[in-house]
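S.K.: Numbering of the sequence shown is given in the working numbering, commencing with residue 103 and proceeding in unit increments. For every residue, glycine included, the Cβ atom is placed at its ideal position computed from N, Cα and C. The structure's right below; bear with me while I get my questions together.
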Amino acid sequence: MRALEIILLIVQLVWFLSLLYKPLRKWKTLVFIITIIILGAHLLLEGFRTQMLLAYLAEVFILIGWIRRKLKDRESHAMGKWKLSCLVVVVILYIGITVTLSSLLPVFTLPTPTGEYQVGMKSEMLVDKERIEGGQPRELMVSVWYPAISSESQDNTYLSYPYEEVAGALSVNFFGLPSLVFDHLKQVKTNTLNEAELLPKEDGYPVVLFSHGFMGTRMQNYSQMEELASQGYIVVSLDHTYESAYTRFPDGREVKTKYKATDFSGMDHSKNIATRTADASFVLDKLQEWNEKSESSFQNTLDLSRVGMFGHSYGGATTAKVMAEDFRFKVGANMDGALYGSDVEEGFTQPFMNLIAKSSYEYTPSEEELKMNGMTLEEYKALSEQNLQNINTLFQSGVKDDSYKITFLEGDHYSFSDMPYWVPILENGYDKTQNHPVMNKYIVALFDQYLKGENQQILQEEKEDPIYTVEAELK
103 MRALEIILLI VQLVWFLSLL YKPLRKWKTL VFIITIIILG AHLLLEGFRT QMLLAYLAEV
163 FILIGWIRRK LKDRESHAMG KWKLSCLVVV VILYIGITVT LSSLLPVFTL PTPTGEYQVG
223 MKSEMLVDKE RIEGGQPREL MVSVWYPAIS SESQDNTYLS YPYEEVAGAL SVNFFGLPSL
283 VFDHLKQVKT NTLNEAELLP KEDGYPVVLF SHGFMGTRMQ NYSQMEELAS QGYIVVSLDH
343 TYESAYTRFP DGREVKTKYK ATDFSGMDHS KNIATRTADA SFVLDKLQEW NEKSESSFQN
403 TLDLSRVGMF GHSYGGATTA KVMAEDFRFK VGANMDGALY GSDVEEGFTQ PFMNLIAKSS
463 YEYTPSEEEL KMNGMTLEEY KALSEQNLQN INTLFQSGVK DDSYKITFLE GDHYSFSDMP
523 YWVPILENGY DKTQNHPVMN KYIVALFDQY LKGENQQILQ EEKEDPIYTV EAELK
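Here's what the structure looks like:
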């Protein structure tokens with residue numbers, strides 16, 4: 103909880119205690135005034151959020167109580183035992199619920215990027231006229247993070263976290279809860295400058311694409327996009343429309359996924375990965391157009407001879423497939439994704455890194471989870487073993503160039519995204535402040551070595567650490 107939220111609850115509690123204890127009653131008006139001041143400061147400085155709704159309603163109750171007292175112009179009579187008991191229960195409930203909701207869905211702080219560059223971001227809609235869906239060309243949304251100019255002549259305020267995209271995705275994934283439940287995201291500030299211009303660079307910046315997980319969103323790794331941009335990369339994250347949980351287009355159209363989470367085990371993965379792969383190649387084609395057009399803010403700033411890609415979960419599988427099919431991509435990384443198709447059987451020639459969570463392959467699902475996926479426990483374990491074997495096959499022999507495997511001993515599948523910031527209970531006991539820096543360090547090192555040509559000693563060393571291990575097959 104934020105400072106003024108905590109103070110507001112404490113002062114409100116004091117006011118309610120003044121109803122119970124006679125020595126405090128003479129301070130009721132002063133305490134009431136203080137609650138109004140604190141509430142006003144909270145709304146002005148910290149901002150409204152749904153998780154504090156009961157505290158706002160409590161303030162209305164306090165206001166009504168104060169007005170009634172003034173109208174009567176005398177102290178209220180002592181409460182009866184029944185009313186007193188009800189008041190105690192209500193106060194305990196509203197404070198308990200408010201603290202719980204505010205802790206489960208906190209206004210979090212993103213880690214500060216460690217690179218030398220300030221960061222800017224723009225979002226664009228792309229239309230692939232060569233691919234028709236439902237009688238219309240396929241439409242994609244992309245967001246681009248880039249090294250930015252910071253100057254006194256610009257508005258150097260920071261963008262708010264992308265509430266609409268992330269709340270929309272959370273709503274889809276959390277049983278259709280209204281997006282309003284996640285409106286605390288509006289109060290989260292990023293490290294990305296508002297309306298910042300791209301910092302010119304004579305020889306251009308290397309480019310990396312990001313592919314989200316199944317029913318994910320292009321905004322799911324926002325903190326990682328900022329880190330890469332701060333290190334001198336132009337980072338393009340795309341929504342795979344109809345599979346991303348939620349996409350909002352510039353004209354206001356909202357497109358939700360056509361899938362349910364339970365569809366995954368029975369999906370045609372080859373077809374879906376092929377669609378995603380085509381998305382990535384199309385985006386790279388558009389980047390080439392941006393680089394050549396005089397009206398583009400990215401003209402002559404994209405070094406498309408140095409392009410990499412990475413992805414989380416299904417996006418990691420997409421990245422492997424892209425490596426096998428589009429040789430314009432020079433290096434790739436898979437963050438805890440299972441693998442499908444020729445990328446495992448035939449391999450590819452680009453350097454590649456697999457980052458996995460140990461728990462992803464040791465997890466024992468509940469009966470309800472097995473039922474939702476239409477699998478027995480034996481089938482689930484066999485699938486997990488096969489997925490891990492595929493990762494190891496790709497690591498050991500599928501990648502014809504340098505190959506890396508980083509295993510996180512703590513954390514789980516979602517620890518490779520910003521989700522533990524959104525809903526801290528999903529940390530499951532691991533510390534994101536430890537895992538995320540390690541993940542980013544190795545992803546940045548991978549791209550620095552193979553896109554910037556900067557030798558990275560940490561990629562030459564196998565390592566066993568309390569929270570992760572590093573294996574390397576150097577060709």
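1. So, is the C-beta of residue 360 closer than 8 Å to a C-beta in chain B?
2. Near residue 356, what residues of its chain come up, given a Cβ to Cβ distance below 8 Å and the 5 sequence neighbours on each side ignored?
3. What's the call for residue 130, buried or exposed, on a 16-neighbour Cβ count within 10 Å?
4. Could you give the residue range of the beta strand (DSSP E) that holds residue 414?
5. Determine the closest residue to residue 364 out of 277, 501 and 237, with distance taken between C-alpha atoms.
6. Just to confirm my understanding: we take residue 322, look at its own chain, exclude 5 residues before and 5 after, and list those with CB closer than 8 Å. What are they?
7. Name the one or two DSSP bridge partners that residue 359 has.
8. Looking at residue 300 and residue 410, is the spacing between their C-beta atoms short of 8 Å?
9. According to the Cβ coordinates, are residue 393 and residue 384 closer than 8 Å?
10. With which residues is residue 138 paired in a DSSP beta bridge?
11. Looking at C-beta atoms only, is the number of pairs between the stretch 499–519 and the stretch 567–576 that lie closer than 8 Å three or more?
12. If we count the other Cβ atoms within 10 Å of its Cβ and call it buried at 16 or more, is residue 484 buried or exposed?
13. Could you tell me if residue 170 is buried or exposed, where buried requires 16 or more neighbouring beta carbons within 10 angstroms of its beta carbon?
14. By the DSSP assignment, the beta strand (DSSP E) with residue 238 in it spans what residues?
15. Roughly how many angstroms lie between the CA atoms of residue 187 and residue 172, to the nearest whole one?
16. Do you know how far the Cα of residue 207 is from the Cα of residue 330?
17. Nearest by alpha-carbon distance to residue 296: which of 259, 308, 124 and 454 is it?
18. Hey, quick one: how far does the beta strand (DSSP E) through residue 145 stretch, first residue to last?
19. When the distance is taken between beta carbons, is residue 337 closer than 8 Å to residue 247?
20. My guess is that residue 352 and residue 227 are in contact by the Cβ rule of under 8 Å, so how many angstroms apart are they, rounded?
21. For residue 375, which residues from the same chain have a beta carbon less than 7 Å from its beta carbon, with the 5 sequence-adjacent residues on both sides left out?
22. Can you give the Cα-Cα distance for residue 115 and residue 189, rounded to whole angstroms?
23. Can you tell me which of 136, 541 and 311 puts its alpha carbon nearest to the alpha carbon of residue 514?
24. Helix or strand or just coil, what does DSSP make of residue 132?
25. Using the DSSP secondary-structure output, state which residues sit across from residue 224 in a beta bridge.
26. Where do the ends of the beta strand (DSSP E) carrying residue 270 lie?
27. Within the same chain, show all residues whose beta-carbon is closer than 6 Å to that of residue 497, passing over the 5 residues directly before and after it, in chain order.
M.R.: In brief:
1. The structure shown contains no chain B; it holds only a single protein chain.
2. Taking residue 356 as the centre and dropping the five residues before and after it, the same chain places the C-beta of 270, 348, 349 and 350 closer than 8 Å to its C-beta, in chain order.
3. buried
4. 404–414
5. 277
6. Take residue 322, set aside five residues on each side of it, and the residues of its chain with a beta-carbon closer than 8 Å to its own are 268, 271, 314, 315, 414, 519, 520 and 521, in chain order.
7. Paired residues: none, contrary to the question.
8. Result no, Cβ atoms of residue 410 and residue 300 do not sit closer than 8 Å.
9. no
10. According to DSSP, residue 138 bridges with nothing at all.
11. Contact between the stretch 499–519 and the stretch 567–576 is present: three or more C-beta pairs spanning the two stretches fall below 8 Å.
12. exposed
13. exposed
14. 238–250
15. 25 Å
16. For residue 330 and residue 207, the distance between alpha carbons rounds to 26 Å.
17. 259
18. From DSSP, residue 145 is part of no beta strand (DSSP E); its letter is neither H nor E.
19. yes
20. 6 Å
21. The residues are 419, 420, 423, 442 and 443.
22. 11 Å
23. 541
24. helix
25. 246
26. In this chain, residue 270 is not harboured by any beta strand (DSSP E); it is covered by the alpha helix (DSSP H) spanning 265–275.
27. 456, 505 and 507
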